[in-house]
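Engineer:
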Amino acid sequence: MESVPPKRYGGTERIVSYLTEELVRQGHDVTLIASGDSVTAAKLVAACRRSLRSDEQCVDQLAHHVLLLEQLFQRVDQFDIVHFHVDYLHFPFTRRHPVRHTTTLHGRLDIPDLVPLYREFHEMPVVSISMAQRAPLPHANWLGTVYHGLPADLYRFQPDRGRYLAFVGRISPEKRVDRAIEIARRARIPLRIAAKVDPADKDYFASMVEPLLDDSLIEFMGEIGDDEKGEFLGNALALVFPIDWPEPFGLVMIEALACGTPVIAYHHGSVPEVLEHGRTGFIVTGLHEAVQAVRCIAELSREQCRATFEQRFTAARMTRDYLQVYEQLICGCGPGAAGA
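Here the sequence shown is numbered in the numbering used here, starting from 9 and rising by one per residue.
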């Protein structure tokens with residue numbers, strides 16, 4: 009769907025890129041099967057000419073994913089390990105082909121349709137990106153939990169507190185940018201919104217969000233890329249992450265910590281696993297607590313935020329955890345707790 013790395017929004021493809029490049033840097037022989045406009049130091053096999061989201065001529069996206077799987081299985085005997093990031097699409101193929109493999113599940117799993125699927129494919133070795141993510145499917149064949157990581161030098165530490173709140177991500181009902189706007193209004197702090205609007209969310213944006221932007225405190229900037237994100241997050245007083253869904257990980261939280269910027273987040277999904285309440289941010293359960301958190305945010309150390317990122321959320325640490333998973337597969341060990 010997106011190039012690896014993505015040109016702008018795309019958390020999964022960004023993580024795939026960080027893992028790929030770190031594996032190559034450590035001396036491993038890596039082949040990346042992705043869109044043809046991907047950029048990598050690994051061997052690139054192009055499953056389609058360009059990322060499907062940016063290809064206006066693409067009508068049937070599934071067709072290209074099937075071709076991607078065919079590209080893999082034509083050469084699968086070349087690999088010691090195959091690491092999938094295409095959800096469950098490959099399960100019927102890998103059940104019938106003797107190849108060591110694992111799959112990182114990047115999305116939400118609290119969907120009733122997934123229960124019979126994972127009951128049928130109970131042997132598929134999978135990796136979660138938080139313990140909260142795997143809770144709806146406790147009987148899946150979990151090899152471990154591996155938290156996301158970023159290159160240590162991707163974002164520069166900014167020791168000085170900014171004067172605005174930042175919202176980064178996607179405009180959709182579960183991301184609750186409306187909450188972010190209300191928090192900023194009540195705290196009387198400017199809010200800058202850097203977010204994309206997918207076609208599926210255009211009506212929601214027009215009816216529910218756009219009317220809230222008519223306020224001098226609120227600035228809607230649209231979608232930004234990695235080249236802009238570091239400065240945007242680093243110069244913020246805090247990142248607001250007022251989600252209303254079981255977030256599997258929340259990459260933007262560790263992007264903020266890498267800049268030294270604390271996070272104010274609602275208590276859903278992975279948030280308590282990523283943030284340390286009172287150290288790297290505040291975990292809140294309602295609007296009043298969120299506003300109070302804004303007023304107390306200066307009590308938190310930006311140096312501590314960066315130090316926590318370096319200890320827990322670098323690409324090098326993520327890659328070490330995945331290498332442990334690969335070793336489990338190669339040696340035939342049972343499920344473990346890599347990264348957990």
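A virtual CB, placed ideally from N, CA and C, is assigned to each residue, including glycine.
#1: Compute the beta-carbon to beta-carbon distance between His91 and Thr110, rounded to the nearest angstrom, for a pair I have assumed lies under 8 Å.
#2: Do the CB positions of Gly44 and Arg61 come within less than 7 Å of each other?
#3: Quick one: grab the DSSP three-state call for Ser46.
#4: State the DSSP-derived secondary structure class of Pro254, mapped to helix, strand or coil.
#5: State buried or exposed for Pro14, treating a residue as buried only when at least 16 other CB atoms are found within 10 Å of its CB.
#6: For the region 273-281 against the region 245-256, are there 3 or more C-beta pairs whose distance is under 8 Å?
#7: Just to confirm, are Gly170 and Ala54 a CB contact at a threshold of 7 Å?
#8: Indicate the three-state DSSP secondary structure (helix, strand or coil) for Ser309 in the structure shown.
#9: Would you mind working out which of Phe290, Arg200, Ala315 sits nearest Cys304, comparing C-alpha positions?
#10: Short check: CB of Glu30 to CB of Ala246, under 7 Å?
#11: Between Thr20 and His114, how many whole angstroms is the CB-CB distance? I'm expecting something under 8 Å.
#12: For Val24 and Ser215, what's the separation of their Cα atoms in angstroms?
#13: Could you tell me if Glu10 is buried or exposed, where buried requires 16 or more neighbouring beta carbons within 10 angstroms of its beta carbon?
#14: Curious, which full-length beta strand (DSSP E) runs of at least 3 residues does the region 128-179 contain?
#15: What is the rounded straight-line gap between the Cα of Ile179 and the Cα of Arg194?
#16: If contacts are defined as beta-carbon pairs under 8 Å, then Val94 and His73 qualify, I think. What distance do you get, rounded to the angstrom?
#17: Buried or exposed: which applies to Ser224, given that a residue is buried once 16 or more other Cβ atoms fall within 10 Å of its Cβ?
#18: Measure the C-alpha to C-alpha separation of Asp161 and Glu311 and round it to an integer number of angstroms.
#19: Less than 7 Å between the beta carbons of Val333 and Gly152, yes or no?
#20: I need the DSSP call for Cys66, collapsed to helix, strand or coil.
#21: Taking C-beta to C-beta, are Glu227 and Arg200 nearer than 7 Å?
#22: How many whole angstroms separate the CB atoms of Phe175 and Leu265, which I take to be in contact at a CB cut-off of 8 Å?
#23: Which of the three DSSP states is assigned to Phe87 in this structure?
#24: If you draw a straight line from the alpha carbon of Gln34 to that of Trp150, how long is it in whole angstroms?
#25: Between Gly242 and the rest of its own chain, which residues show a CB-CB distance below 6 Å, the 5 nearest in sequence each way excluded?
#26: Suppose you measure from the CA of Val260 to the CA of Ser278; what does that come to, to the nearest Å?
#27: Nearest to Arg287 by CA position, among Val299, Leu173, Arg314, is which residue?
#28: Are there 16 or more other CB atoms within 10 angstroms of the CB of Gly340, so buried, or fewer, so exposed?
Structural biologist: Put simply:
#1: The pair is a contact, with the Cβ atoms about 6 Å apart (cut-off 8 Å).
#2: No; because the gap between Cβ atoms is not below 7 Å, this pair is not in contact.
#3: In this structure, Ser46 counts as coil in the three-state DSSP scheme.
#4: Pro254 falls in the coil class under three-state DSSP.
#5: Its Cβ being crowded by 16 or more others within 10 Å, Pro14 is buried.
#6: Contact holds between the region 273-281 and the region 245-256, because three or more Cβ pairs, one in each stretch, are under 8 Å apart.
#7: Not in contact: Gly170 and Ala54 (Cβ atoms no closer than 7 Å).
#8: It is coil, neither helix nor strand.
#9: Among Phe290, Arg200, Ala315, the Cα nearest to that of Cys304 belongs to Phe290.
#10: With a cutoff of 7 Å on beta-carbon distance, Glu30 and Ala246 are scored as not near each other.
#11: About 5 Å; that satisfies the 8 Å criterion.
#12: Val24 and Ser215: Cα-Cα distance of roughly 35 Å.
#13: Buried is the call here.
#14: DSSP runs (the beta strand (DSSP E)) wholly in the region 128-179: 133-136, 149-153, 173-178.
#15: About 21 Å.
#16: That belief holds up - the Cβ atoms of Val94 and His73 are roughly 6 Å apart, short of 8 Å.
#17: The residue is exposed, with fewer than 16 neighbouring Cβ atoms inside 10 Å.
#18: In a straight line, the C-alpha of Asp161 is about 15 Å away from that of Glu311.
#19: A contact, by the Cβ cut-off of 7 Å.
#20: Correct three-state label for Cys66: coil.
#21: Taking 7 Å as the Cβ cut-off, Glu227 and Arg200 qualify as a contacting pair.
#22: The Cβ separation is near 16 Å, so there is no contact.
#23: Coil, per DSSP.
#24: Going by C-alpha positions, Gln34 is about 26 Å away from Trp150.
#25: In the same chain as Gly242, and ignoring 5 residues on each side of it, the C-beta atoms closer than 6 Å to its own belong to Gln166, Cys267, in chain order.
#26: Rounded to the nearest angstrom, the two C-alpha atoms are 12 Å apart.
#27: Arg287 has its Cα closest to that of Arg314, out of Val299, Leu173, Arg314.
#28: Exposed, by the Cβ-count rule.
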